[in-house]
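Read the structure below first, then the notes.
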Amino acid sequence: MLQEVHVGHKALADYQSMVARPLVEEIRDLAEGLKGLRVLHVNATSFGGGVAEILYTLVPLLRDAGIDTDWRVIMAAQEFYEATKIMHNALQGNPTSLNRAQQEIFEEQSRITSETLGSGFDFVFVHDPQPLLLRHFTGDLGAKWVWRCHIDTSSPHPDLARYLLPFIELYDTAIFSMEQYIFDGLKIPTRVFMPAIDPLSTKNMALSPEDADYVVSQFGVDPEPPLMLQVSRFDPWKDPLGVIDAYRMVKKEFAAVKLALVGSMATDDPEGWTFFTQTVEHAGDDSDVLILSNLNNVGNLEVNAFQSRADVVIQKSIKEGFGLTVSEALWKVKPTVGGNVGGIPSQIQDGQTGFLVDSADECAERCMWILDHPAEARAIGRAGKDYVRTHFLMPRLLRDYLRLLTDLKG
Ligand code: UDP
Numbered sequence: 005m006l007q008e009v010h011v012g013h014k015a016l017a018d019y020q021s022m023v024a025r026p027l028v029e030e031i032r033d034l035a036e037g038l039k040g041l042r043v044l045h046v047n048a049t050s051f052g053g054g055v056a057e058i059l060y061t062l063v064p065l066l067r068d069a070g071i072d073t074d075w076r077v078i079m080a081a082q083e084f085y086e087a088t089k090i091m092h093n094a095l096q097g098n099p100t101s102l103n104r105a106q107q108e109i110f111e112e113q114s115r116i117t118s119e120t121l122g123s124g125f126d127f128v129f130v131h132d133p134q135p136l137l138l139r140h141f142t143g144d145l146g147a148k149w150v151w152r153c154h155i156d157t158s159s160p161h162p163d164l165a166r167y168l169l170p171f172i173e174l175y176d177t178a179i180f181s182m183e184q185y186i187f188d189g190l191k192i193p194t195r196v197f198m199p200a201i202d203p204l205s206t207k208n209m210a211l212s213p214e215d216a217d218y219v220v221s222q223f224g225v226d227p228e229p230p231l232m233l234q235v236s237r238f239d240p241w242k243d244p245l246g247v248i249d250a251y252r253m254v255k256k257e258f259a260a261v262k263l264a265l266v267g268s269m270a271t272d273d274p275e276g277w278t279f280f281t282q283t284v285e286h287a288g289d290d291s292d293v294l295i296l297s298n299l300n301n302v303g304n305l306e307v308n309a310f311q312s313r314a315d316v317v318i319q320k321s322i323k324e325g326f327g328l329t330v331s332e333a334l335w336k337v338k339p340t341v342g343g344n345v346g347g348i349p350s351q352i353q354d355g356q357t358g359f360l361v362d363s364a365d366e367c368a369e370r371c372m373w374i375l376d377h378p379a380e381a382r383a384i385g386r387a388g389k390d391y392v393r394t395h396f397l398m399p400r401l402l403r404d405y406l407r408l409l410t411d412l413k414g
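Each residue of the sequence shown is one higher than the one before, counting from 5 in the working numbering.
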């Protein structure tokens, strides 16, 4: 079935002072021609991961623009999520793809879900591969359909790409986060939208250093020693084990350093627990490594506090569709070290707005440089914040969606 997600109220007017005036004016002009449209967003989870993060802001801002927007998530059997996680991994280049039995589970659960979609929409936005087959099972329902792919599909498993392409090509348009993620041979129109963060959300709003220290201290983190941080789902692509390796190298030079790994368990990620356990085992009995998840009550405010408090933020991914956590850290003026993959280099220009690394060794080296050069590192963090302000704040993404709606509306 599909379950409605309730979102709060947000208004474009509140973002006006943070973004350029022509952008706000363009949004208002575009919205004039779109009032009253009915739009549905569908994805796999309302909790954990970047897609939910974006929709919690995008949906209320579309409503504020006068567009009647709903957001629903798939609620399916566990075997569906097991299949879609294999698919997610294979789309990011893993050598194991779906076998026929798993395809059948995917298809059958999608068919059952499609029966609860309803009708009366002008546009349906389907996020990521999990709900992809809805369009196939419902037909177009008189709506325009857009598939929004958030993951790095630059080298998808070829069998899986062959299996999915006919389903994708039922859509009117597909959106990717980077040009190089567009599937080879895809015959429908495509667009590239880079994701964005909400500077006014609880996760990104300004926190005073005292408040950040207070929140972080509740998890037993001493406010004094240098703190290294990675915020990520427990997923091998995010390489938390590599982060622990890098931390150990830093620890040899900076004995007081601590590491916090903060990772939520998304409801659509059955692998999360296994990998969480592996991460805990890799950390061993080092009491300076703190591993936290939403089960420790780490919500948006706590993530904000950890990011605001950290001396170095790491996102050492080995595949990364975009990596919202990078922009979140840069927005908080944090010296940030990111894996040189996927969407991270579009946020970090190496040595200017942060650092890009290809290994745990390089990651450790950059972290040590940052801890040794706090003033220079802070200047790099400031440049990062400026870059995020002009490229990765939500009003720009709202504008991208409104332009697409305007073009497709015809
Ligand atoms: N996140 C969170 N709590 C956690 C781990 C992650 O709130 O414990 C958030 C993180 O702040 C970011 C999003 O989940 O907003 C992850 O998005 P990203 O694009 O970095 O990665 P994804 O999970 O979509 O692959």
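By construction, the Cβ of each residue, glycine as well, lies at the ideal position given by its N, Cα and C atoms.
- Using a Cβ distance threshold of 9 Å, G346 and K320 do not count as a contacting pair.
- Remark: three or more beta-carbon pairs, one from each stretch, lie closer than 8 Å, so the region 135-151 and the region 103-114 are flagged as touching.
- Under DSSP, I295 takes part in a beta bridge, and its partners are L265.
- Closest option to D249, judged by alpha-carbon separation, among S350, E108, S363: S363.
- Within 10 angstroms of the beta-carbon of A56 lie 16 or more other beta-carbons, which makes it buried.
- Taken in chain order, the unbroken stretches of beta strand (DSSP E) that lie wholly in the region 104-131 and span 3 residues or more are 127-131.
- The beta carbons of L296 and A264 sit closer together than 9 Å.
- Counting along the chain, the unbroken alpha helix (DSSP H) around A333 starts and ends at 328-335.
- Using a 10 angstroms sphere on the CB of M5, the tally of other CB atoms stays under 16, which defines it as exposed.
- Judged by DSSP secondary structure, H45 falls within the beta strand (DSSP E) whose first and last residues are 42-47.
- Q351 is positioned such that its CB atom lies no closer than 9 Å to that of I384.
- Residue environment for K262: buried (at least 16 other C-beta atoms within 10 angstroms of its C-beta).
- For R42, the shortest C-beta to heavy atom distance toward ligand 1 is 8 Å or greater.
- Nearest to D74 by alpha-carbon distance, out of W277, H10, R104, S50, is H10.
- If you check the C-beta of N98 against ligand 1, you find no heavy atom less than 8 Å away.
- In the DSSP assignment, A178 falls outside any alpha helix (DSSP H) and within the unbroken beta strand (DSSP E) covering 177-180.
- Per DSSP, the unbroken beta strand (DSSP E) holding G342 starts and ends at 340-343.
- Burial state of A216 is buried, judged by a 10 Å Cβ sphere holding 16 or more other Cβ atoms.
- The three-state reading of DSSP puts V9 in coil, since its state is none of H, G, I, E or B.
- Bridge pairing for R152: H131, I179 [DSSP].
- Under the rule that a run must span 3 or more residues, the beta strand (DSSP E) segments found entirely inside the region 204-286 read 231-235, 262-266.
- A direct Cα-to-Cα measurement between G267 and G414 gives close to 43 Å.
- The C-alpha of F223 is placed about 18 Å away from the C-alpha of V316.
- When only Cα atoms are considered, L164 and I172 end up about 12 Å apart.
- The beta-carbon separation of T88 and F110, rounded to 7 Å, stays under the 8 Å limit for a contact.
- Considered as a whole, the region 74-107 harbours 82-95 as its complete alpha helix (DSSP H) runs of no fewer than 4 residues, in chain order.
- Fewer than three pairs of CB atoms, one per stretch, sit closer than 8 Å, so the region 237-245 makes no contact with the region 197-215.
- Contact check for R76 against V43 fails: the beta carbons are separated by 9 Å or more.
- Residues K207, L211 of the same chain have their beta carbon placed closer than 6 Å to that of N308, with the five preceding and five following residues left out of the count.
- If the five residues before and after Q82 are omitted, its C-beta is found closer than 8 Å to the C-beta atoms of P274, all from its own chain and listed in chain order.
- The residue from M79, Y391, G189, S123 with its alpha-carbon nearest to that of F51 is M79.
- In the structure shown, the three-state DSSP call for T194 is strand.
- Proximity of the beta carbon of F326 to ligand 1 is indicated: a heavy atom of the ligand is located closer than 8 Å.
- An exposed status is given to L299, since fewer than 16 other beta-carbon atoms sit within 10 Å of its beta-carbon.
- For ligand 1, a non-hydrogen atom lies closer than 8 Å to the CB of P199.
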